[in-house]
Each structure stands twice: as structure tokens, then as C-alpha cells.
Amino acid sequence: MKIDFIPIDYDHFEFNKRDIIKVIGRTDKGKRLCLFDEIDSFFWVLLDKKLSKEKIKSAIKKIEKVRIKEEGKDIKAIKIIPVEKNFLGKPVTALKIFTKNNAEMKVLANKVESENFTVRGNDLNIITRYIIEKDLIPSYWYEVEGDILTEDSLDFGGIQKSLDVEFCLKLKKTKVYDQFEKSFNPKAVAFDIECDDISLGEGEILMISLASSEGFKKVLTWKKPSHGRKPEYVEILKDEKEMLEKFSEYVSKISPDFLVGYYSDHFDFPYIKTRAEKLKAKINLGIDGSGLKLTKGKNVAGKIKGIVHIDLLNFIDTAYSQYMQSETLSLNEVAKEFLGEEKVKFEFKHSSKMEDSEWEKYYEYNLHDSVLTIKLFEKMWPDLMEFSRVIQEPIFEVSRNGMSKNVESYILHNLKQFNEVPEKKPEHDELSERRNRERYEGAFVFEPIPGLYENIAMFDFTSSYGSVIVTYNLSKATLLEKPEKDAYSIETLGKKVYFSKKPGFLPEILKEIISKRKQFKKELKEKPDAIKKARSNAFKLLANSYYGYQGFFGARYYCVEAAAASAAFARKAIQEVIEKITKEKHKVIYSDTDSIAFLRGKSSHEEIKKLLEKINKGLPGIMELELEGFFKRGIWVTKRTGEIGAKKKYALRGEDGKLKIRGFETVRRDWCKLARDTQNRVIRLVLDEGNEKKALEYVKEVIKKLKERKIDKKEILIRTQLKKPLSEYKAISPHVIAARKMIEQEIPIAHGSLIEYYIAETLEKKKLVREKVKLPEEKGEYNLEYYLTKQILPSVENILQVFNVETKNLVEGKKQTTLGDF
DNA sequence: GAAGTGGATATACC
DNA sequence: ACTGGTATATCCACTTC
């Protein structure tokens, strides 16, 4: 039979010692379908290209003789074929060595490697290999053809009987549809739990909420107010165990493609798993009746067979966080930014101390978290789907992997067109060697002259490093061992490095990424839609991560020379542009990595655009400069120490009215709100009027209020992230003290928490800031001197200094407010 | 015990 | 450890006088 199908989840099992891949997805009629497909297992042995036929034959013979006999197993190659392949761009004769199955392949490959053969391809994930071999890419629509596996079919040992899907198909043929022909709205359900104790499985789960894409909403609990009244969406069960089983029952009934949580890999999922095991509650959500699983390894992930568990937090981190305004990735802030909606406000207390009247609010709070999560999922679905399509890995993977892994997956899935054998993952020794390498020189940053400037234009390179890599063909495979005349070369790492001019596969792959990004960006502009936007963004992220990937120690295609040369060529390129702009009589005032700000002077927009065109004509390869924008005014300040201009710190008012603030305390979350807001106001006043008087008046007002102790406590709270376990801190800074206090008071601190505190007046004179730390709830007066001299003044003095306003006199009389005032 | 300096730490920029 | 390097700034830890 033929049917339209979209692959979502991949799994595999062994039957009769053969690997069978199960692909779970939906048909266009919304039915769940499982495809069964057999896959061959093989790895590569690389031989020298110049080897004679006899030598190749003898290598084959030698490998044929390799056998591993253990525990009744007899592992050996079942077929060996010599194939002409490329490895790192060079032709090689490769032996394709087939084994019975994946497990045997791994064992045999290791044994063959130990006999001094160069082995490759044995470290690919079996699902990745399947997708490459069979071209059945996740999240694309296919017309699939195959035989229905009837109840009594024994083709795969009758396993289809135990699968909770509409039907199973033994796959014969597939035909892919055009990516934009069909949309797909997945079934998804979000979940969230509430507990008294946040340490995994320590306490009981009080309630679980569910919210589905189809409008299903439910709170399951076994806790209730004494009067027994409850909202209609709440279902009260006998005990925790029954609640867990009910959860499983509801999810099964919904039969979703995705089970979505927020931070659920590290909390909700393992918590439910632990409690279910302890209480012997049956949670058989897997399509084969299996339970909740946690993946092994350092990064735990919750897994259910046939239902893709997604922890949205992970995906937000890799796909969005760099463009976001939110200062944390908490559900509350993220929902605010993406949905314009916040969490239900609720003050936690232990369930044993919960008043009757408070339960309803608690239920509502719990439900709303799931509602926000499902809404976020729907908002992010186009990106999840496009990431998966572009990178060609299942959504479970792309939603969890960082960009380096995603870049690598993209590369692996695109090797076929270059007939390339995949490079191996670095092993232990190699890893530590790479990690300990010396750092190479990175980007160029222009030292600005502090001041207020008018009529500024800014250019920047499109995909700067990416276009450098493509233009100069920088990669592991194109790096030349010896100097060559006709090659790209540059001085870096204390030597001259050379790269071949013959296009290498890695830069070629990147070239395609950049051109696709351009194409989709253009199409998006012409006819916007969410899918195109997502696709364009996926390519953009890939292009931007390619440089970092080549310098990342964990990369298969790691190459410091390529990474260092990328930075060196980029420095050269930007400096040449700075020279050109200067020659055109425009004063360059700032530049960082790939952008240049300069004074437009009396030149019109058109003239600046012409200048841009002129510069672009002279740029090599695919390098391209674009107009970032025109700005009315901008301010650059000195460093706090010394007279020289501070880098990475400036503020601009665009001609379009938009404010662009970089590096200032305003944008730093570890400064108190008062200092940030004051600075922000000062920047605005200065940029809008070009006049410091109002700004100065404003600062005086703030200081007056501060001295009169009229400032609200929440304005002076300082938030600092705890980035490692408390015991590992060598320097005991204020936020460490605050965290210690929290632990004393049994306030839970999650990994990576933002610690809030303020600096208070103390009875005795204390020298260190940390000795004056108090938690927000702790009674006390804010330390006037600290907030004046360490928060407010530092935040505005460099800005006012530009106008020769001395700020020292602003704090006069600060001493009157020490001990005597209390 | 004050002053100076380097280290540890957090955060931002691109 | 989960892309890279560049940069500012604070506060602690330690040395020196």
C-alpha cells in the first residue's frame, strides 16, 4: 500500500541478529504509523590510494581473518567491498566492511583498528546512518510504500502486535514531497509537576498538570482543601500512585507526538520516573508498553518510545537565547517575551502549611505552567521542524544538541555529495591535547575616542567569519602541510599557514548554507511565513556557528589553523575597510570584529550607500559588507580606570528612533535596578538632546531620593548567578555569602540560580562588601555609601565625564549617613 | 592596617 | 565540555611596607 507519512521518531531493535529500524510518525489522515525497515551495518577501512591490487587483496584477506569468538558469538565480516572514496578531500581506496549488525560492527571495527588499520564510520549513531543511507529525513512528508504487517505476521517476530499504533508497515519505497507542499500540526501535550521538595524524588509529587494543543486541560492531584471543593479541571485521586497512573492514562488517551516540558529533562521527567518506581506506579507510555527512560551519559534526557519528549528550555537556549532580551531563561521571562504572558503569581509554602483557600490558586498555578509551555511549543514548532529538516536529525536530537553538534550533524548528512568517508570523533588523549592548546588571536576591536558623536553610519560584514572561511577555503582538509605558491596564506599562530585553492568540502558545504540563507531570507521578504522564517534562521545559526565549530576541541573536523586563520583574515578584512573609509574622509570611531561605525558628516544616505557598493566591489570572494544603519547620535565613554576609551560599551540613537545600548550597566543584570534605570535615563537624555544638563539634574534627584531613603528595596537588589557548587568557590564574594544564607534558611537553590541580595548598613564598621550582605527578606537599611559610590555614581560618571561634568561633588555629605543615622 | 596588585568571578559583545 | 576570542568591572586574596 501507499500512504503519505511524516517521520517523527526513530528507534531500532535486533531481530534474528539483524538491525531493524522503527520509524514512528503520522499519516496525512492523522493516524500513527510505524515503519519497519532493515538496515545493513558497515564501517570503512582506509587504504592508501597508490596501493596495488595485490596489496588491496591481501588487506581484504587479512580483515576476513579477523574473528572474535566470545560467549557463543562468532563475529566476523560478512562482506568486504573496495570502493573509491575521498577522505579529507583526498582520494583513497576504502574497504566497505559489512557485518551482521550494528553491535557486531562496533566490536569488529575495534578489533580491526587494533591491527593497525585506519577505521572510520564505526562511531556514527545507527539512526544517523539510517537517515543517510535511506534518505528518510525527519519532519519531511513522504509517500511511503510497503506491506502492512498483519497481526499474525512473523516478519519481525510479531513485535507489531505489541505496538500501540494504528498500523505497521514493512517499508519498500519512499518518495519525498516538496518541503512547502504540506504542513504538519503535531499533537502535543505539555506537563508540569509540583512538589514540596525539589531534590529529585525526595518528596512527593503533589500535582501534575496537562495542557494539550487541542485544548485539553487537567490538574491531577491527591491533595485537596478540607471542604473538598475544587475547580472543574481538577481531578482528585486517592493517592500519589493513582495520580501518576492517571497521568499515564490521560497521556496515552491523547496519544501525542510530543510530550513537552520546561526544564523537564532535569526535573519533571526524572522526578516522575523516580516516584513511579518507588510507588510501583505503572507508567507505560511507550508505544511498546515500556516506561520512562533516562538516556545514559553526562547529559540526561527523558525518553519515551514513540512519544518524543521535548524539554523546551534546551531548545530555547541553542536556537533563541542569543537574540533574546530576557535576562534568565525562566518560564516566566521566556513566556513574557514570546507570548506576552506571565506565570500565575503564587507564593510557595509547604503543602502541610497550605490553607484551604490557597489550594485553588496552587492548582491554577500548576495548570498555567503547562498552558504556557504548550503555547511556547506551538510558537516554536516551525523552528523545531525546520531545524530537524535542515540538520536532518530527529527533533529529539536537534532540540537538545548544542550548535556545535548540530553543525557536525549537518556536515555528516552532507558528505554524500562529496563521496567523503566521515572523520572520527576525537578520542581521550586527542581531546585533552586540544583542550590544553594555547589560545589564538581573535577579533580586532577598535579603541574608541570617548565622546558624543553625531550622524553616524555603521557597516557590518554579513556572516563575517562564514564568508571568510568560504572565501579563503579554510578547513582541516584544505590545510597544506607545506608552503605552496598558489595558495591562500596568512600569518597566525606564530607561523604562516597555507590553504589550498582547490575548493574543499567543508567550505563548500558552508557556501551552500550561506547561499540558502540568502535565498530564504529573500523569499521571506517577498512572501513571509513562519516556516520560511524558521528555515532562514536555521541556516543563519549554522553559518554563524561554523567558525566556532572548527575551533571546538570536540569537533570531528577540528582545525585550529583554520579557526585562527579565519580570525586573522577577518582582522585583515576589517582593517582594510577601515582604511578605505578613512581615505574617503570619514572618521572611523569604532569597530568590533565585523562592524565599523564612522561619521557620515555631510554625506547623504545615498552617498554612503554608494561608498558601500564601492567597497563591496573590492572585497574578495563572497565577502560582503552591508549597511547596519544610520544613527543620529552616539556616545562612547572612557574605561573606569584611566583615560582611554572603553571597548564594547556604547549607546546609539538610530535615525529610526531606536535605541541601541551595548555593554553599559543598563544591559548588565548584575547591577541593581536603580543604577541601571538611572543610567538608562541619562543615556536617553544625553542622546536625545545632546545636552547633559537635564541628565545631571536627574542624577541629582535620584541621589537625593537615595539619601532620603525613599528608594524601594526592590530597586536596590543585586542579582548574581551562582555558576558552580558553593563549595567550589575560591573567592567568597557577596553572592556566595547570600547563597550560604539561603541554605541556612533552607531556601532551595537550583543549579545556576540567580542569587538576590542587597548591601545593608551594619552596626559595626565592616570592611568587606560581603560582610554587609543581606537577603531581600532580611530587615535592614540599604547601605547608602555603597549604593552611592558603588552603584549610582559608577553608572553615570563616565557618561557625564564626556561633558566635563565632575561627579565627585554629587556625593558630598555622604558621610553624614553612617552610624549616627540609626 | 592601608595600599597596591593579581586572581577569581560574572557578564557582555560580536 | 557541549562553538570561538575580546573586553569591562567588581570584589576578594594576598603581598608589601
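Heads up: the first sequence is residues 0 to 821, going by numbering that gives the first Met the number 0.
Quick reminder that beta carbons are idealized off the backbone N, C-alpha and C, glycines included.
Just so it is clear, the structure is predicted and the values come from calculations on it, not from any experiment.
Endpoints, beta strand (DSSP E) assigned at residue i
i      : result
Ala476 : That residue, Ala476, is in no beta strand (DSSP E); it is neither H nor E in DSSP.
Asn85  : 78-86
Ser794 : Note, Ser794: premise wrong, no beta strand (DSSP E); alpha helix (DSSP H) at 792-800.
Leu209 : 204-211
Val118 : 117-119
Lys648 : 644-653
Residue span of the alpha helix (DSSP H) that contains residue i, given as start and end
i      : result
Ile512 : 504-525
Ile126 : 125-133
Gly450 : Gly450 -> not in any alpha helix (DSSP H); beta strand (DSSP E) instead, spanning 450-460.
His734 : 733-743
Thr317 : 311-318
Leu541 : 529-549
Leu162 : Premise fails: Leu162 is in no alpha helix (DSSP H) and is neither H nor E.
Arg683 : 672-688
Ile253 : 239-253
Thr273 : 267-278
Ser182 : No alpha helix (DSSP H) contains Ser182, which DSSP labels as neither H nor E.
Ala93  : Element bounds for Ala93: not the alpha helix (DSSP H) but the beta strand (DSSP E), 89-98.
Lys110 : 101-113
Distance CB(residue i)-CB(residue j) smaller than 8 angstroms
i      : j      : result
Glu392 : Thr127 : yes
Leu293 : Gly301 : yes
Val801 : Leu451 : yes
Glu627 : Ser594 : yes
Ser398 : Ile309 : yes
Arg388 : Ile136 : yes
Asn100 : Ala108 : no
Ile798 : Ile573 : no
Asp39  : Phe86  : no
Ile204 : Tyr270 : yes
Glu341 : Lys335 : yes
Lys186 : Ser212 : yes
Leu278 : Leu338 : no
Glu688 : Arg534 : no
Phe728 : Ile758 : The displayed chain sequence assigns Tyr, not Phe, to residue 728. Not in contact: Tyr728 and Ile758 (Cβ atoms no closer than 8 angstroms).
Ala569 : Tyr464 : yes
Val175 : Ala210 : no
Pro449 : Thr637 : yes
Tyr548 : Glu363 : no
Ile717 : Arg769 : no
Proximity to residue i [Cα-Cα], best of the options
i      : options                        : result
Ile2   : Leu107, Cys167, Lys72          : Cys167
Glu180 : Thr470, Glu326, Glu142, Gly156 : Glu142
Glu432 : Cys558, Lys237, Lys222, Thr788 : Cys558
Phe246 : Asp256, Ile197, Glu213, Phe190 : Phe190
Phe498 : Ile508, Glu522, Arg516, Val469 : Val469
Leu792 : Ile306, Ile754, Val698, Pro724 : Val698
Ser752 : Gly401, Gly779, Thr719, Phe551 : Thr719
Gly29  : Lys171, Phe42, Glu132, Asn184  : Asn184
Ile580 : Lys415, Leu312, Phe597, Lys16  : Phe597
Ile508 : Leu430, Glu625, Gly600, Ile390 : Ile390
Gln744 : Arg31, Glu777, Ser590, Ile235  : Glu777
Ile315 : Ser590, Val333, Gly305, Phe458 : Val333
Val91  : Lys49, Val164, Val118          : Lys49
Met394 : Asn454, Glu114, Lys584, Pro6   : It is Ile, not Met, that sits at residue 394 in the sequence shown. The shortest C-alpha separation from Ile394 is found at Pro6.
Ile207 : Asp267, Leu371, Lys484, Ser51  : Asp267
Ala694 : Ile373, Val299, Glu623, Val795 : Val795
Rounded Cβ spacing between residue i and residue j (contact assumed at less than 8 angstroms)
i      : j      : result
Ile19  : Val44  : With a Cβ gap of about 26 angstroms, Ile19 and Val44 do not count as contacting.
Arg739 : Leu725 : 7 angstroms
Asn418 : Lys84  : 6 angstroms
Ile577 : Ala542 : About 24 angstroms separates the two Cβ atoms, so there is no contact after all.
Val65  : Lys110 : 5 angstroms
Ile125 : His11  : 6 angstroms
Contact test: residue i Cβ vs the ligand GTP heavy atom, cutoff 7 angstroms
i      : result
Cys194 : This structure lacks the ligand GTP, and indeed carries no ligand of any kind.
Runs of alpha helix (DSSP H) lying entirely within the stretch 570-627, each at least 4 residues, in chain order: Complete alpha helix (DSSP H) runs here, min 4: 604-616.
For the stretch 7-53, list the alpha helix (DSSP H) runs that are entirely contained and at least 4 residues long, ordered along the chain. none
Considering only residues of the stretch 334-377, which uninterrupted alpha helix (DSSP H) runs meet the minimum length of 4 residues and lie entirely inside it, listed in chain order? none
Write down every uninterrupted run of the alpha helix (DSSP H) in the stretch 381-464 whose length is 4 residues or greater and which is fully enclosed by it, in chain order. 394-397, 402-412, 427-434
Going along the chain, which unbroken runs of the beta strand (DSSP E) with 3 or more residues stay wholly within the stretch 692-725? 717-720
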